[in-house]
Amino acid sequence: MLASTFSAAVAATTSMSAASYPYANSTGLAPSSTSSLATSYPIVAGKTYTASYNTEVTTTITVSGTAEVVTSTIATYSLAPTAPAYEFRADAEDNLAVYYGHTPNTEAQGLIALCEQADVDIVILSFLNDFFSAEGQPTINLGPACYPANAAQQEAAPGLLDCPKLATQITGCQTLGKKVLLSLGGYLANTSFVSDNQAIKFAETLWDLFGAGRDSLDLRPFGPDVVIDGFDIDNENHNTTHYNAFATELRKQFAKDTSKEYYLSAAPQCPIPDESIPLAAMKEADFVWVQFYNNPICNVNSTGFKDSFEAWSKQLSNGTRHGKPRLYIGAPGFAGAGSGYVNGSEFANHVKEAKKLNVKNLGGVMLWDGSEGMANVDEYGASYLDYAKAAVQ
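Numbering (full-length UniProt numbering), first residue to last: 1 to 393.
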């Protein structure tokens, strides 16, 4: 997070009576003097700080052959932060969601390192990019995070991968309270349905492979015991048919497990209407992170951004069936992500301007991608994640 500055002025006094000669003790003070020592500390929002006092410093000095002992009591501050326990809030206005898995920095910045960032609330693994490949099973491509298909997968679902290391990191993220979703789609993905029935069956397949279903344990990429926190719909194929049935069925699958909360998100492009994800399907979602990039008419740095943002807020607020989806401002976290990228400081300014519209369903910011945003650090030592989080707080 961006740090403010806390200045602690602490007083140091000595007890020696003679003041006729100069000396320097460990505080740098002269006898019978009081001085103020000012120190600046970075303070992180959301953390508490405690102070401790009365550290004694003893200095022996020699004046004209006579040794005298000077004891100084210095009030000092100990600023070790005590962080409150993290608790995810789906209805928050300042969440930060980040994608993970398909950028040059993915391997350098592991998933757990991303989840350990105080700024991050949601991580979206990318991507499951083919719904029906070999043997009618899906294909996943999570970048360098997985091994090739294991023996069981090769026989029944060769498009799947074996991801034990990633599974351990997913569990670590969830232990930290962070939510981990799996994104369905991406650019040039095969994500079409031929019927409502096929869409419903695919939702059941996802539940068995990544949710709490137990019918395909030997095929599960993250092993039999790791259960993700939901799915992200990132259809970009300009075919919206049967997605309403798909989103509705995912909700039904979530309801089968009452031991935890599951979440559904959608990632439309910013022009309205979105050509690939129907509005009715988005209204089944908990989060809608609109991609305000790669679309010049509504990029985050365009003159049309605020109007588009407000229009999306109204679209998602009317006639929703599953509460009201929280609207996220989606943006690129690094220059290589496409058009619409601006530096962290400028992005924060655009977000703050959007916040002035006072929409009631703001959820936070989404970045493509988390690893790149984490590594994108400016001359002040602040990462793109820092700027994004601070902008919505």
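Heads up, the beta-carbon is just placed ideally off N, CA and C, and yes, glycines get one too.
Original post:
Using CA coordinates, which residue listed in Pro332, Gly338, Asp274 is at the minimum distance from Ser308?
Top reply: In the sequence shown, the residue the question calls residue 308 occupies position 308. Among Pro332, Gly338, Asp274, the Cα nearest to that of Ser308 is on Asp274.
Taking the C-alpha atoms as reference points, what is the distance between Leu128 and Tyr187? In the sequence shown, residue 128 corresponds to position 128, counting from 1. In the sequence shown, residue 187 corresponds to position 187, counting from 1. Approximately 11 Å, taken between the alpha carbons.
I need the DSSP call for Phe254, collapsed to helix, strand or coil. Residue 254 sits at position 254 when you count from the first residue of the sequence shown. Phe254 falls in the helix class under three-state DSSP.
Verify whether the separation of the beta carbon atoms of Gln169 and Leu111 is less than 7 Å.
Taking the sequence shown and counting its residues from 1, one reaches residue 169 at position 169. Taking the sequence shown and counting its residues from 1, one reaches residue 111 at position 111. Taking the C-beta atoms as reference points, Leu111 is found nearer than 7 Å to Gln169.
Spatially closest choice to Tyr328 from Ile277, Ser265, Gly340, Asp225, by CA coordinates
In the sequence shown, residue 328 corresponds to position 328, counting from 1. Cα-wise, what sits closest to Tyr328 is Ser265.
*For Tyr263, the residue or residues it bridges with in DSSP*: One-based indexing of the sequence shown puts residue 263 at position 263. Looking at the DSSP assignment, Tyr263 forms a beta bridge with Gly230.
Same chain, Cβ closer than 7 Å to Glu310, five either side skipped, listed in chain order:
Numbered from 1 along the sequence shown, position 310 holds the residue referred to as residue 310. If we look at Glu310 and ignore the five residues flanking it on each side, its Cβ neighbours are Leu357, Val359.
query = Does the distance from the C-beta atom of Ala167 to that of Phe222 stay below 7 Å?
reply = As a first step, residue 167 is located in the sequence shown; it is residue number 167 there, counting from the start. As a first step, residue 222 is located in the sequence shown; it is residue number 222 there, counting from the start. Their beta carbons are under 7 Å apart, which means Ala167 touches Phe222 by this criterion.
Original post:
Considering Tyr328, what are the terminal residues of the beta strand (DSSP E) in which it resides?
Top reply: Here residue 328 refers to the residue found at position 328 of the sequence shown. Segment 326-332, the beta strand (DSSP E) holding Tyr328.
- Task: May I have the straight-line CA-CA distance separating Gly304 from Ala156, to the nearest angstrom?
- Result: Taking the sequence shown and counting its residues from 1, one reaches residue 304 at position 304. Taking the sequence shown and counting its residues from 1, one reaches residue 156 at position 156. Taking the straight line joining both Cα atoms gives about 48 Å.
- Query: CA-CA distance, Cys298 and Thr103?
  - Reply: Along the sequence shown, read from residue 1 onward, the residue named residue 298 stands at position 298. Along the sequence shown, read from residue 1 onward, the residue named residue 103 stands at position 103. If you take the alpha carbons of Cys298 and Thr103, they lie about 24 Å apart.
Notebook entry, point to check: Candidates Gly213, Leu181, Gly211, Asn244: which alpha carbon is nearest Asn197's?
Noted result: Against the sequence shown, residue 197 aligns to sequence position 197. Closest option to Asn197, judged by alpha-carbon separation, among Gly213, Leu181, Gly211, Asn244: Asn244.
Original post:
What first and last residue would you give for the alpha helix (DSSP H) that runs through Tyr380?
Top reply: Translated into positions along the sequence shown, residue 380 becomes position 380. In the DSSP assignment, Tyr380 falls outside any alpha helix (DSSP H) and carries neither an H nor an E.
- Apart from the five residues just before and just after Glu93, which ones in its own chain have a Cβ nearer than 6 Å to its Cβ? Mapped onto the sequence shown, residue 93 falls at position 93. Answer for Glu93: Leu362, listed in chain order.
- Message: What does the alpha-carbon distance come out to for the pair Gly177 and Tyr86?
- Response: Walking along the sequence shown from the start, residue 177 turns up at place 177. Walking along the sequence shown from the start, residue 86 turns up at place 86. In this structure, the alpha-carbon of Gly177 lies about 6 Å from that of Tyr86.
At 4 residues or longer, what runs of the alpha helix (DSSP H) sit wholly inside the region 158-195? 164-175
- Roughly how many whole angstroms lie between the Cα atoms of Val288 and Pro144? As a working mapping, residue 288 is identified with position 288 in the sequence shown. As a working mapping, residue 144 is identified with position 144 in the sequence shown. Approximately 27 Å, taken between the alpha carbons.
Could you compute how far the alpha carbon of Gly211 sits from the alpha carbon of Glu379?
As a first step, residue 211 must be located in the sequence shown, where it is residue number 211. As a first step, residue 379 must be located in the sequence shown, where it is residue number 379. If you take the alpha carbons of Gly211 and Glu379, they lie about 42 Å apart.
Please classify Pro278: is it buried, with 16 or more other beta-carbons within 10 angstroms of its beta-carbon, or exposed? Taking the first residue of the sequence shown as position 1, residue 278 is located at position 278. With 16 or more Cβ atoms within 10 Å of its Cβ, Pro278 is classed as buried.
Q) Cβ of Asn235 within 7 Å of Cβ of Ser183? A) Walking along the sequence shown from the start, residue 235 turns up at place 235. Walking along the sequence shown from the start, residue 183 turns up at place 183. No, these two residues do not count as a Cβ contact at 7 Å.
Exposure label - Lys389; buried when at least 16 CB within 10 Å: Numbered from its first residue, the sequence shown carries residue 389 at position 389. Classification of Lys389: buried, given that the 10 Å Cβ count is 16 or more.
On the premise that Asn294 lies in contact with Gly338, defined as a C-beta separation below 8 Å, what is that separation, rounded to the nearest angstrom?
Sequence index remark: in the sequence shown, residue 338 carries index 338 (1-based). Sequence index remark: in the sequence shown, residue 294 carries index 294 (1-based). At roughly 4 Å, the Cβ-Cβ gap stays under 8 Å, so Gly338 and Asn294 are in contact.
Review point. For Ser313, does the three-state DSSP call read helix, strand or coil?
Key: What you label residue 313 is simply residue 313 of the sequence shown in a count that begins at 1. Here Ser313 sits in helix by DSSP.
Terminal residues of the alpha helix (DSSP H) in which Leu219 lies: In the sequence shown, residue 219 corresponds to position 219, counting from 1. Segment: none, Leu219 is in no alpha helix (DSSP H) and carries neither H nor E.
- Message: For a test of the three-state rule: what should DSSP assign to Asp386, helix, strand or coil?
- Response: Taking the sequence shown and counting its residues from 1, the one referred to as residue 386 is at position 386. Three-state result, Asp386: helix.
- Message: Using only CA atoms, which one of Tyr147, Val194, Ala348, Phe88 lies nearest to Thr175?
- Response: To locate residue 175, count along the sequence shown from 1; it is residue 175. When Tyr147, Val194, Ala348, Phe88 are compared, the shortest CA-CA separation from Thr175 is found for Phe88.
Q) In angstroms, rounded to a whole number, what distance separates the CA positions of Gln393 and Asp121? A) Position 393 of the sequence shown, counting from 1, holds the residue named residue 393. Position 121 of the sequence shown, counting from 1, holds the residue named residue 121. Cα to Cα, Gln393 sits roughly 13 Å from Asp121.
Worksheet item: Leaving out the 5 sequence neighbours to the left and right, which residues in its chain are closer than 6 Å to Trp368 when beta-carbon positions are compared?
Response: What you label residue 368 is simply residue 368 of the sequence shown in a count that begins at 1. For Trp368, where only same-chain residues beyond five positions count, the Cβ hits under 6 Å are Tyr99, Pro332, Ala337.
DSSP state of Ala375 mapped onto helix, strand, coil: Within the sequence shown, the letter at position 375 stands for residue 375. Looking at Ala375 - three-state DSSP - the assignment turns out to be helix.
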